[in-house]
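In full-length UniProt numbering, the protein residues as written are 1 to 542. Beta carbons are placed, not taken as given, at the ideal position from N, Cα and C, and that holds for glycine. Here is the structure we will look at, set down as structure tokens.
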């Protein structure tokens with residue numbers, strides 16, 4: 001009986017020598033493929049196609065809205081009450097509201113002078129402006145430099161305050177919250193936030209504040225980011241393409257749908273980007289103030305203020321210059337925070353949104369399904385799972401077919417819609433697709449960490465800004481980088497592992513397949529390999 005059972009489980013073919021192991025693995029694959037692999041892979045294809053259709057409908061909707069907005073909608077200064085701020089000889093500067101400028105920073109040695117100088121040069125009466133430098137630096141030398149820079153501007157008559165804390169509790173949200181508690185802030189009606197690498201134009205406040213002064217329902221006026229180092233390397237060009245779509249389409253649609261469609265189910269929700277925007281302090285307080293429960297304190301505040309009925313305005317022509325992370329390490333940390341944070345916020349706020357009685361069911365559906373689920377979760381997952389896992393695996397299992405419309409046509413349309421924000425980089429579109437697929441791996445990991453609130457869910461690594469550091473280092477004698485740091489800083493085993501997996505799938509398709517997908521697969525292998533060895537972005541000499 002034992003012998004029969006053994007033969008049933010392990011056919012005679014399996015009793016061969018080590019030289020037959022390849023054949024034995026092949027036979028094992030054939031045994032489990034039909035009852036297990038094929039149904040699972042087919043289910044994965046259906047799920048990915050469903051997610052792709054959800055993303056396609058969302059992108060198509062935003063594309064239609066942005067065309068209608070550009071063709072038929074009036075400009076913001078025509079839709080809302082707006083009058084320029086004028087100097088009045090009779091009442092002096094009393095006609096200007098008190099404005100607080102907050103500049104949070106953490107060990108920003110290369111760029112601290114930029115933001116402080118830009119804030120001090122804002123065109124606003126000096127006695128109606130308070131500049132608050134919130135320095136959480138841990139390096140005493142940098143703290144000393146920042147404090148001296150503040151004193152230098154203070155000696156010129158600028159009302160600038162240098163604030164430090166005993167600890168970094170709450171990170172950026174904690175610093176902003178602490179800054180609003182200062183006694184000298186109580187007379188301020190509005191607060192504008194600039195990160196350490198941001199450099200607003202002098203007329204920034206004069207263009208933004210009137211919308212808040214003359215429209216009491218507006219809580220936030222958000223400006224558009226422009227990037228001073230977009231041409232520094234291919235990595236910054238890729239980021240510019242993604243962020244330009246966010247500002248040109250997503251932000252514009254979020255700001256305009258309420259005015260364009262009235263109250264037909266859409267929520268006037270601009271995703272506050274954490275900096276480059278002016279808040280009404282009363283709206284911040286009503287929404288519950290800054291909270292440090294996630295790494296996207298800006299989005300958290302915006303959603304809570306929306307639940308209170310406040311409106312938001314995005315001004316595409318109100319531009320503020322900033323710096324993109326140009327090293328791959330800094331970019332990966334930033335993308336982890338930007339992907340993990342929204343997923344974690346979704347986990348924590350979904351029931352709060354459902355139970356809210358101030359917004360109707362269609363607005364709840366919009367913010368839960370469209371704003372969070374599709375844009376912040378599905379968009380990352382479908383890119384990674386479909387194009388880096390399911391499609392390559394389908395080459396090994398010919399019984400599972402992926403329709404051409406799902407593998408080629410719809411992705412091409414989505415990509416074309418994504419490219420409208422940066423026409424000058426249209427020639428980089430194909431490489432942008434490959435690069436986004438690589439980054440989708442990191443973003444998907446971060447999304448799961450946020451949804452499950454795993455160990456790194458609240459990890460906060462400040463995005464490294466180089467400023468002129470690279471230029472300065474190139475002028476000095478370079479030292480050889482220690483070999484011990486190469487593996488941790490440059491070599492990424494997971495990306496290299498995916499390159500090996502995709503290479504195997506591509507070779508199998510060359511030998512046995514008929515789909516010609518190996519052309520795409522091998523290009524994706526090259527991109528994963530380049531990323532795995534860290535040869536993306538600026539390589540900073542040590």
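Exercise for the section: Figure out for me which residue from 383, 397, 120 has the closest Cα to the Cα of residue 406. Expected result: Sequence index remark: in the chain shown, residue 406 carries index 406 (1-based). When each option's Cα is compared against that of residue 406, the closest is 383.
Problem - Residues that residue 163 bridges to, as DSSP identifies them - result: Here residue 163 refers to the residue found at position 163 when the chain shown is read from its first residue. Paired residues: 134.
Practice task
Round the Cβ separation of residue 295 and residue 107 to the nearest angstrom and send it over; I've been treating them as touching at under 8 Å.
Solution key: The residue you call residue 295 lines up with position 295 of the chain shown. The residue you call residue 107 lines up with position 107 of the chain shown. The Cβ separation is near 18 Å, so there is no contact.
Handout entry: Cβ neighbour criterion (16 or more within 10 Å) applied to residue 370
Key = The residue given as residue 370 occupies position 370 in the chain shown. Residue 370 should be labelled buried.
Practice task
Name, in chain order, the residues that DSSP records as bridge partners for residue 227.
Solution key: As a working note, residue 227 is residue 227 in the chain shown. Looking at the DSSP assignment, residue 227 forms a beta bridge with 322.
Problem - Three-state secondary structure (DSSP) of residue 128 - result: Here residue 128 refers to the residue found at position 128 when the chain shown is read from its first residue. It is helical.
Handout entry: Distance between residue 330 and residue 504 (C-alpha atoms, nearest Å)
Key = Counted from its first residue, the chain shown places residue 504 at position 504. Counted from its first residue, the chain shown places residue 330 at position 330. Residue 504 and residue 330: Cα-Cα distance of roughly 31 Å.
Handout entry: Reduced DSSP category for residue 66 - H, G, I as helix; E, B as strand; rest coil
Key = For the purposes of this step, residue 66 is taken as residue 66 along the chain shown, with counting starting at 1. It is helical.
Problem - Three-way DSSP call (helix, strand, coil) for residue 182 in this model - result: For this step, residue 182 is matched to residue 182 along the chain shown. Residue state, collapsed to three classes: coil.
Exercise for the section: Would you kindly work out how many angstroms separate the C-alpha atoms of residue 85 and residue 92, rounded to a whole number? Expected result: Residue mapping note: residue 85 aligns to position 85 of the chain shown, counting from 1. Residue mapping note: residue 92 aligns to position 92 of the chain shown, counting from 1. Roughly 12 Å separates the two Cα atoms.
Problem - residue 483 classed as buried or exposed, judged by whether at least 16 other C-beta atoms fall within 10 angstroms - result: One-based indexing of the chain shown puts residue 483 at position 483. Low local confidence applies: a pLDDT of 43 at residue 483 is under 50, so the model's placement there is unreliable, with the coordinate-based value given in what follows. When all chains shown are included, residue 483 counts as exposed.
Handout entry: Alpha-carbon spacing of residue 509 relative to residue 55, whole angstroms
Key = Here residue 509 corresponds to residue number 509 of the chain shown, with the count starting at 1. Here residue 55 corresponds to residue number 55 of the chain shown, with the count starting at 1. Whole-angstrom Cα-Cα distance: 28 Å.
Exercise for the section: Please classify residue 263: does DSSP put it in a helix, a strand, or coil? Expected result: As a first step, residue 263 must be located in the chain shown, where it is residue number 263. Low local confidence applies: a pLDDT of 32 at residue 263 is under 50, so the model's placement there is unreliable, and no value is given.
Exercise for the section: For residue 316, name the three-state secondary structure that DSSP assigns. Expected result: For the purposes of this step, residue 316 is identified with residue 316 of the chain shown, where counting begins at 1. Strand, per DSSP.
Handout entry: Rounded separation between residue 544 and residue 411 - CA only
Key = Residue 544 falls outside the range modelled here, since the chain spans only 1 to 542, and no answer is possible.
Exercise for the section: Measure the Cβ-Cβ separation of residue 326 and residue 235 and say whether it is below 8 Å. Expected result: What you label residue 326 is simply residue 326 of the chain shown in a count that begins at 1. What you label residue 235 is simply residue 235 of the chain shown in a count that begins at 1. A contact, by the Cβ cut-off of 8 Å.
Practice task
Could you tell me whether the stretch 237-249 touches the stretch 423-437, where touching means 3 or more Cβ pairs closer than 8 Å?
Solution key: yes
Practice task
Would you tell me roughly how many angstroms separate the C-alpha atoms of residue 507 and residue 518, rounded to the nearest one?
Solution key: If you number the chain shown from 1, residue 507 lands on position 507. If you number the chain shown from 1, residue 518 lands on position 518. Looking at the two C-alpha atoms, the distance is approximately 7 Å.
Exercise for the section: Using the DSSP secondary-structure output, state which residues sit across from residue 199 in a beta bridge. Expected result: Your numbering for residue 199 matches position 199 in the chain shown. In DSSP, residue 199 forms a bridge with 321.
Practice task
Go through its chain and collect everything with a Cβ distance to residue 599's Cβ below 7 Å, but skip five positions before and after it.
Solution key: It is not possible to answer for residue 599, since the shown part of the chain is limited to 1 through 542.
Handout entry: Identity of the residue in 276, 288, 502 nearest residue 385 by Cα
Key = As a working mapping, residue 385 is identified with position 385 in the chain shown. The shortest Cα separation from residue 385 among 276, 288, 502 belongs to 502.
Exercise for the section: With distances taken Cα to Cα, identify the nearest neighbour of residue 500 among 388, 461, 398, 418. Expected result: Translated into positions along the chain shown, residue 500 becomes position 500. Ranking 388, 461, 398, 418 by Cα distance to residue 500 puts 388 first.
Practice task
Rounded to whole angstroms, what's the CA-CA distance from residue 532 to residue 379? Just pull it up for me.
Solution key: For the purposes of this step, residue 532 is taken as the residue at position 532 of the chain shown. For the purposes of this step, residue 379 is taken as the residue at position 379 of the chain shown. Taking the Cα positions, residue 532 is about 23 Å away from residue 379.
Exercise for the section: State whether the stretch 59-68 contacts the stretch 181-196, with contact taken as three or more CB pairs (one from each stretch) at a distance under 8 Å. Expected result: no
Exercise for the section: Closer than 8 Å by C-beta to residue 348: which residues in its own chain qualify, once you throw out the five before and the five after it? Chain order, please. Expected result: Taking the first residue of the chain shown as position 1, residue 348 is located at position 348. Excluding its 5 nearest sequence neighbours in each direction, residue 348 has C-beta neighbours in its own chain below 8 Å: 293, 294, listed in chain order.
Exercise for the section: Please determine, among 81, 434, 37, the residue with the shortest C-alpha to C-alpha distance to residue 215. Expected result: In the chain shown, counting from the first residue as 1, residue 215 sits at position 215. Scanning 81, 434, 37 for the CA closest to the CA of residue 215 turns up 81.
Practice task
Name the one or two DSSP bridge partners that residue 190 has.
Solution key: Residue 190 sits at position 190 when you count from the first residue of the chain shown. In DSSP, residue 190 forms a bridge with 99, 280.
Handout entry: Span of the alpha helix (DSSP H) around residue 494
Key = Reading the chain shown from its first residue, position 494 is the one you call residue 494. Boundaries of the alpha helix (DSSP H) harbouring residue 494: 493-512, taken from the DSSP string.
Problem - Residues near residue 51 by beta carbon distance below 6 Å, same chain, minus five either side - result: Taking the chain shown and counting its residues from 1, one reaches residue 51 at position 51. If the five residues before and after residue 51 are omitted, its C-beta is found closer than 6 Å to the C-beta atoms of 378, 382, all from its own chain and listed in chain order.
Problem - Residue burial classification, residue 34 (beta-carbon count within 10 angstroms, cutoff 16) - result: Position 34 of the chain shown, counting from 1, holds the residue named residue 34. Exposed.
Handout entry: Proximal residues to residue 403 (C-beta, below 7 Å), its chain only, five neighbours per side dropped
Key = The residue given as residue 403 occupies position 403 in the chain shown. Taken in chain order, the list of residues that qualify is empty.
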